[in-house]
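**Student:**
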Amino acid sequence: MRITRRRLAGMVAIAMVVAALVARIAWVNVTYPHVRLETYEMGEWVPLDGDFMSYAGEGTAHYAVRVDGAQVMTVDDYRRAYDDGSEALGVNGNARCLVVLTLSIRNDGDDQGGFGLPLTFLVGAAGDETYIYSGASQYAIEPLRAYDGPETDDSWARGLGIDPHSQCQVHVAYLLNEGSEAVGKDAADTSFTLHLSQQPVRKMVRVRLAGES
Amino acid sequence: MMAARMKEGRTGNRTRGRMGALFGVELRRALGRNPWFWTSLGVGVALALWAVWANWSAWGANQLRLAVESWDVKEFGYGGFSPFSQWMPIHCQDGAAGAFFSVWPILAALPYAWAWVSDAKTGVLAQQRTRATQDQVAGAKLLATAVSGALAVCVPLVANFLALACLYPIDPAFPNQVMEVGVWNGMPLAGLFYTCPVAFLVLWTLFDAVVGALWAVLVCALSALVADFLESVVLSYLVLQLLAYVGQQLYGVIGAMAADGSLQGVAREVQSGLDLLHLTQLNIVSWPTLALDVALLAVAAASLACVLRGRDVL
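Protein chains in written order, with my numbering: chain Y, 1 to 213; chain H, 1001 to 1314.
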């Protein structure tokens, strides 16, 4: 094929546009910060190291979390196993709607600190369904408490925490994020991703239900 | 027997070769110096770039600045400001993007769906028919029409994504950022969007290309039937508008049939299913309904295309 001057000019113009596009896209992606992603397995300690769910004030600097187990339960079974017995049974149906994670939480710091446990969530295997922290967990997470230190500018944004240099185990229930209908639906997924922090590093744990390979 | 097979093979090769050559000619006519193709592409790309500008100037620039400023202080749904989540088929509520998804049937038909009627009037069709069979002529012309229709729809989408990538950093989005992102659980390919956005982008572009191609073929065949291109464009577009209107009315009627709202899902499905006009943008619609829409479009296009086979111009 004969390359005419006009065709050559066209090719040069296209090459310049492509080069400019590539350069601009590269510049944008080098200049702006990126969320780093870290994925852990069940049984592994996840150091939170200041990474937070919603606010840096959560105080996660010396916190670490480990997923010890996962199971699906009905609301009543969950309450029988982990509640203080004050909640009425038999009013939430028999759907196995709760995904219950057994979490070990460790605070290696010298003050209470905390992390945004109620903001943590699970993502189902398909990738588009979320299971959010269920209010049914309120008694089961009793070892954790709100910030009770001196008032500071960011104390309102503190997460839930435990005593300095201590460790506890809690059973946290997650429910499909579909409003009031979620209680009537069985949790169909058998594997999930637990999101423990969102920024500056998004820390996730691969979770499998007990008995699922 | 061997000789007969060889002869058959040679004839087959010749037929395929003729069809290929004819398709090449038609493709050059459809995409080369065809002002209608470039006009359609120009309008589509202009709307796509205008949509980027509107998105950026109305809120994107400010939100991204806030997200970057509070990078290590506050979670801001950073993944919501990526070119994937701001892409036109997802963020189509703004003026220019909305306009594109309202006029795509015209943009798809404009480049080459007029070819059959025009060539029949000027005698080009009869001339082509002396050198090839009716099937070959119709096949080559419809295939070129399909390619031009597909490009008219998908090139603006690619241009939109590239322009967005020049403004927003490429970061993955997560389903908890759905308020910023707008890809809801239940939308087609929503899982893929969150797990592999590049694959989502490619598949949705291909889907839109297929829809654009089918629509262009449908209009081309319809124009042969009514013997007027403009009439066929207006008629087919009005049918789309009518279906969307009927869907909207049925949504209200079906939704009101159950006071507890239990039929809302069915009502939405019926509305989305009938709203072929907005088929190319991401809606809350189930896969079976979406597949049914595309299948209906394909059957309509194929049925009308069969009419061309029976209309020998010689």
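For each residue, glycine too, the CB sits at the ideal point set by N, CA and C.
Since this is a predicted model, take the numbers as computed values, not measurements.
1. Alpha carbon to alpha carbon, how far is residue 43 of chain Y from residue 204 of chain Y? Give it in angstroms, no decimals.
2. Is the number of C-beta pairs between the stretch 1135-1147 of chain H and the stretch 1045-1061 of chain H that are closer than 8 Å three or more?
3. Within 8 Å (strictly less), CB to CB, does residue 1237 of chain H reach chain Y?
4. Using 10 angstroms around the beta-carbon of residue 1249 of chain H, count the other beta-carbons present and answer buried if the total reaches 16, otherwise exposed.
5. Helix or strand or just coil, what does DSSP make of residue 1089 of chain H?
6. Using the Cβ count rule (16 or more neighbours within 10 Å means buried), how would you classify residue 1020 of chain H?
7. Could you spell out the range, first to last residue, of the alpha helix (DSSP H) harbouring residue 1039 of chain H?
8. Need the endpoints of the alpha helix (DSSP H) that residue 1149 of chain H sits in, please.
9. Which residues mark the beginning and the end of the alpha helix (DSSP H) in which residue 1179 of chain H is found?
10. Where does residue 120 of chain Y fall in DSSP's three states?
11. From residue 1267 of chain H to residue 1197 of chain H, what does the alpha carbon distance come to, in whole angstroms?
12. In whole angstroms, give me the CA-to-CA distance for residue 1171 of chain H and residue 1064 of chain H.
13. Between residue 34 of chain Y and chain H, is any beta-carbon pair separated by less than 8 Å?
14. With distances taken from CA atoms, which of H:1246, H:1211, H:1291 is nearest residue 1109 of chain H?
15. List the residues of chain H that residue 137 of chain Y touches, going by C-beta distances under 7 Å, in chain order.
16. When DSSP labels each residue in this structure, what does residue 34 of chain Y get in the three-state scheme?
17. Taking a Cβ distance cut-off of 7 Å, strictly less, list which residues of the stretch 78-95 of chain Y are near chain H, in chain order.
18. Quick one: list the residues of chain Y neighbouring residue 1071 of chain H, beta-carbon separation under 8 Å, in chain order.
19. Are the beta-carbon atoms of residue 48 of chain Y and residue 209 of chain Y separated by less than 8 Å?
20. Rank Y:87, Y:82, Y:115, Y:19 by C-alpha distance to the C-alpha of residue 198 of chain Y and give the top, closest one.
21. Within the continuous beta strand (DSSP E) that includes residue 69 of chain Y, where are the two ends?
22. What's the C-alpha gap between residue 1152 of chain H and residue 1091 of chain H?
23. Pick from Y:170, Y:59, Y:106, Y:102: whose alpha carbon is nearest that of residue 152 of chain Y?
24. For residue 172 of chain Y, write down the residues that DSSP places opposite it in a beta bridge.
25. Measure the alpha-carbon distance for residue 95 of chain Y versus residue 180 of chain Y and round it to whole angstroms.
26. Could you please tell me which residues of the stretch 119-149 of chain Y, in chain order, have their CB closer than 9 Å to any CB of chain H?
27. Identify whether residue 1278 of chain H lies in helix, strand or coil by the three-state DSSP scheme.
28. Shortest alpha-carbon distance to residue 1222 of chain H belongs to which of H:1206, H:1307, H:1180?
29. With DSSP collapsed to three states, give me the class of residue 185 of chain Y.
30. Closer than 9 Å, Cβ to any Cβ of chain H: which residues of the stretch 43-72 of chain Y, in chain order?
31. Could you please give the first and the last residue of the uninterrupted beta strand (DSSP E) stretch that includes residue 192 of chain Y?
32. Within the same chain, show all residues whose beta-carbon is closer than 6 Å to that of residue 191 of chain Y, passing over the 5 residues directly before and after it, in chain order.
33. Given residue 1190 of chain H, which residues of its chain have a CB within under 6 Å of its CB, disregarding the five upstream and five downstream residues?
34. Taking the beta strand (DSSP E) that residue 130 of chain Y falls in, what are its first and last residues?
35. So within the stretch 1235-1295 of chain H, which uninterrupted alpha helix (DSSP H) runs reach at least 4 residues, ignoring any that extend past its ends?
36. Taking Cβ positions, are residue 117 of chain Y and residue 75 of chain Y nearer each other than 8 Å?
**Tutor:** The structure says:
1. 13 Å
2. no
3. no
4. exposed
5. coil
6. exposed
7. 1035-1055
8. 1134-1165
9. 1178-1181
10. coil
11. 30 Å
12. 12 Å
13. yes
14. H:1211
15. Here the premise fails: no neighbours, minimum Cβ distance about 18 Å.
16. coil
17. none
18. 33, 199, 200
19. no
20. Y:115
21. 63-73
22. 19 Å
23. Y:59
24. Y:101
25. 13 Å
26. 119, 121, 123, 124, 125, 126, 127, 128, 129, 130, 132
27. helix
28. H:1307
29. coil
30. 50, 52, 53, 54, 55, 56, 57
31. 191-197
32. 125, 208
33. 1183
34. 130-133
35. 1264-1274
36. no
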